[in-house]
Amino acid sequence: MWWFQQGLSFLPSALVIWTAAAFIFSYITAITLHHVDPALPYISDTGTVAPEKCLFGAMLNIAAVLCIATIYVRYKQVHALNPEESRIIKLNKAGLVLGLLSCFGLSVVANFQKTAFFVVHVCGAVLTFGMGSLYMFVQTILSYQMQPKIHGKQVFWIRLLVVIWCGVSAFSMLTCSSLLYSGNFGKDIVQKLHWNPEDRGYVLHMITTAAEWSMSFSFFGFFLTYIRDFQKISLRVEANLHGLTLYDTAPCPVNNERTRLLSRDL
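What follows is the structure, given as structure tokens:
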């Protein structure tokens, strides 16, 4: 049995691979059609102009669904491992809410381009990166709370380093983008897709875009740490029948059916 066939480990793997493919394909298309500059454009800039915006939006919507599935499985796994720990239960629920908000933000970013709906696009980006960063932080705390009985120390330290990486990237991006969009470098920066080294604010632009890509990669790295955990879990779907036909109104004793969902492992 291959590693990705064990449990539900294919979920975080598929999430990272699919999202990375969405960025890469949109970037290649935008560069080929000369819609953006090759040197570190904003991720959103590679999905602003047709036809790459169609590809970008469709693939990120699927990525959002994969992310929801991954976050939900993680929530159920932690819940099953700690059925009576009140602190862990609260953190786990908070992580689920933060993760779902981040997924919603990802879908907003995918469908509302910054050149068309800048405010909506920025709100989606704040949800994606802001709530996503908090989700990673909460999961790192959970990893700390669950060690060494359930979680190994190595996993906790890896996730902590990734969260620090994400935090440094987020701070750099927020600081430089705030300066860049302060109004001192022109009012057309929002719509600007092509930059030259001679342009005012070029250095701030490059730092901001580099930090954005770095932050995205930190998300990829964090979800990849789920692979080993997900190898040890599977989900079942249970159908509870309340009658022999779909037209019965009175309850009738019937045999319930349990079917494995997405995995053959116990």
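Residue 164 in the working numbering sits at position 161 of the sequence shown; the count goes up by one each step and never skips.
Every residue, glycine too, gets a C-beta built ideally from N, C-alpha and C.
_4 or more residues per run - each alpha helix (DSSP H) lying fully within the region 73-125_ = Those alpha helix (DSSP H) runs which fall completely within the region 73-125 and span 4+ residues are 89-114.
*Figure out for me which residue from V206, H245, A173 and Y250 has the closest Cα to the Cα of A128.*
Distances from the CA of A128 to each of V206, H245, A173 and Y250 were compared; the closest alpha carbon is that of A173.
*Who are the Cβ neighbours of Y45 in its own chain at under 7 Å, not counting the five residues just before and after it?*
Closer than 7 Å at Cβ, skipping near neighbours: T212 and E215.
_Run of the alpha helix (DSSP H) containing E215, from where it starts to where it stops_ = Looking at the DSSP string, the run of the alpha helix (DSSP H) that includes E215 is Y205 to L227.
*Could you give the residue range of the alpha helix (DSSP H) that holds V141?*
That run of the alpha helix (DSSP H) goes G135 to Q148.
*Would you report the Cα separation of L269 and K152, rounded to the nearest angstrom?*
With a pLDDT of 36 at L269, under the threshold of 50, the predicted position of this residue should be treated as unreliable, and no value is reported.
*Does DSSP put E241 in a helix, in a strand, or in coil?*
E241: strand per DSSP, three-state reduction.
*Measuring CA to CA, which of R162, M62 and L145 is closest to F225?*
Among R162, M62 and L145, the Cα nearest to that of F225 belongs to R162.
_Backbone CA spacing between V76 and A23 [nearest angstrom]_ = So the alpha carbons of these two residues sit roughly 21 Å apart.
_6 Å Cβ shell around L229 - same chain, five flanking residues per side excluded_ = Residue 229 is actually Tyr in this sequence, not Leu. So the list reads P15, once near-sequence residues are dropped.
*May I ask you to report which of helix, strand or coil DSSP gives I167?*
If DSSP states are grouped into helix, strand and coil, I167 belongs with the helices.
*asked:* Can you tell me whether I74 is buried or exposed? The criterion is at least 16 other CB atoms within 10 Å of its CB, across all chains shown.
replied: I74 is buried by the Cβ-count criterion.
_Using 8 Å for Cβ pairs, my map puts I71 next to V81. What's the rounded Cβ distance?_
Between V81 and I71 the Cβ distance is about 16 Å, and since that is not below 8 Å, they are no contact.
*Nearest to V19 by CA position, among L63, A53 and H38, is which residue?*
For the residues L63, A53 and H38, the minimum Cα distance to V19 belongs to L63.
*At a cut of 8 Å, does the region 88-103 reach the region 133-149 through at least three beta carbon pairs?*
Contact annotation: the region 88-103 touches the region 133-149, with at least three C-beta pairs closer than 8 Å.
*Under the three-state reduction of DSSP, which class applies to Q157: helix, strand or coil?*
If DSSP states are grouped into helix, strand and coil, Q157 belongs with the helices.
_Taking 8 Å as the cut-off, does the region 176-196 touch the region 138-145 (at least 3 CB pairs, one atom from each stretch)?_
Note that the region 138-145 does not touch the region 176-196; fewer than 3 beta-carbon pairs, one per stretch, sit closer than 8 Å.
*K195 vs G10 beta-carbon contact at 9 Å*: The answer is no: Cβ separation not under 9 Å.
*With a Cβ-Cβ cutoff of 9 Å, do L130 and G108 count as a contact?*
For L130 and G108, yes; Cβs fall inside 9 Å.
*Between the beta-carbon of M134 and the beta-carbon of S105, is there less than 9 Å?*
Yes; because the gap between Cβ atoms is below 9 Å, this pair is in contact.
*Chain-order list of residues whose beta-carbon lies under 6 Å from that of T51 (same chain, five-residue window excluded)*: Here the set comprises Q116 and T118.
*Going by C-alpha distance, which of A42, M209, G204 and V165 is nearest S219?*
When only C-alpha atoms are compared, the closest one is V165.
_Quick check on DSSP: helix, strand or coil for G50?_
DSSP places G50 in helix when its eight states are reduced to three.
*On a CA-only basis, which of H208, L207 and D232 is nearest G155? Give me that one, please.*
Nearest C-alpha to G155: D232.
*asked:* Suppose you measure from the CA of A67 to the CA of A17; what does that come to, to the nearest Å?
replied: Just so you know, the alpha carbons of A67 and A17 end up roughly 12 Å apart.
*In three-state DSSP terms, what is Y30?*
The answer is helix: DSSP assigns Y30 an H, G or I state.
*Quick one: what does DSSP say E55 is sitting in, helix, strand or coil?*
In the structure shown, E55 sits in a helix (DSSP, three-state: H, G or I).
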